[in-house]
Amino acid sequence: MRVLVVEDEPDLLSALTQSLREEGYAVDSAVEGREGLFKAQGGEYDAIVLDLMLPRMDGWSVLHELRKTKAVPVLILTARDALPDRVRGLDGGADDYLTKPFQLAELLARLRALIRRTTGNANPVITMGDIEIDTTAHSVRQAGHPVLLTPREYSLVEFLALHKGKLVTRTAIYDHLFDEEDDSLSNLVDVHVSNVRKKLGKDFIATRRGEGYQVNA
Ligand code: CA
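Count the sequence shown with this note's numbering and you get residues 102 to 318, in order.
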């Protein structure tokens, strides 16, 4: 899953980026509103964390422009006790909010919930045959036994599972699993797919030749 963080406080931005990466997200960042809008419009993000008080273009304006073209889930960060700010953000198309200061654990939980809901998965555990994917614990079990996956492999499995029954193109996988600082070659997607098949069975991920991959319920 790929997340964009738009935040002008350097300490908070680096803490957020680091925590999200530790959780297995691909993370891009922007330190002011115009850069944030540019990246948000051009990138394939699963969620955006958007501060409201930003240089060059405030968060409400970013949201307003973004909503003309993109339905990506947006979680806004607002100052404590700024109820009118939150209302304006939510009415402007934000999906959730957190007031500063906040606990990282809550931000991560809200992001997981936003991404699940956006993909139509209300249940945090996705079950496919004898495979269970716990999107909260980031763990996978097969026939009740834990399956050890690397963070990248887990991200791939989760991304396919959240879109189960649908064709997922290699481009989409590349766009959602790797951030802009990640210079891995796109053919690594195939390597990860191959490794996941070794661990979860070769039939778990179907190849749609020339189009992409698919997992089925
Ligand atoms: Ca700010």
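From the three backbone atoms N, C-alpha and C, an ideal C-beta is built for every residue, glycine too.
In this text the structure is predicted, and so the values were computed from the model without any measurement.
Counting every other CB atom within 10 Å of its CB across the protein chains shown gives residue 143 a total below 16, marking it as exposed.
Short of 6 Å from the beta carbon of residue 271, and not among the five residues preceding or following it, lie these beta carbons of its own chain, in chain order: 290, 313.
About 7 Å separates the beta carbons of residue 217 and residue 225, which is inside the 8 Å limit, making them a contact pair. If you draw a 10 Å sphere on the C-beta of residue 293, you find 16 or more other C-beta atoms in it, and that means buried. Note: residue 247 is bridge-paired with 242 in the DSSP secondary-structure output. Going by beta carbons, residue 280 and residue 172 fall outside the 7 Å limit. DSSP places residue 191 in the uninterrupted alpha helix (DSSP H) bounded by 184 to 192. Just measuring C-alpha positions, the residue of 174, 185, 233, 170 sitting nearest residue 259 is 233. In this structure, the alpha-carbon of residue 210 lies about 36 Å from that of residue 310. Shown here, residue 253 sits in a helix according to DSSP, grouped into three states. Per DSSP, the continuous beta strand (DSSP E) segment holding residue 104 begins and ends at 103 to 107. With a threshold of 16 other beta carbon atoms within 10 Å, residue 134 meets it and is buried. Boundaries of the alpha helix (DSSP H) harbouring residue 275: 271 to 278, taken from the DSSP string. At a cut-off of 6 Å, the beta-carbon of residue 182 does not count as near ligand 1: no heavy atom of the ligand is closer than that.
Segment contact: the stretch 175 to 184 against the stretch 240 to 249, fewer than three CB-CB distances shorter than 8 Å; contact not assigned. Pairing residue 111 with residue 132, the inter-Cα distance amounts to about 8 Å. Per DSSP, the unbroken beta strand (DSSP E) holding residue 309 starts and ends at 307 to 309.
Following the DSSP letters along the chain, one finds residue 119 in no beta strand (DSSP E) but inside the alpha helix (DSSP H) bounded by residues 111 to 123.
In the displayed model, residue 206 falls within a helix according to three-state DSSP.
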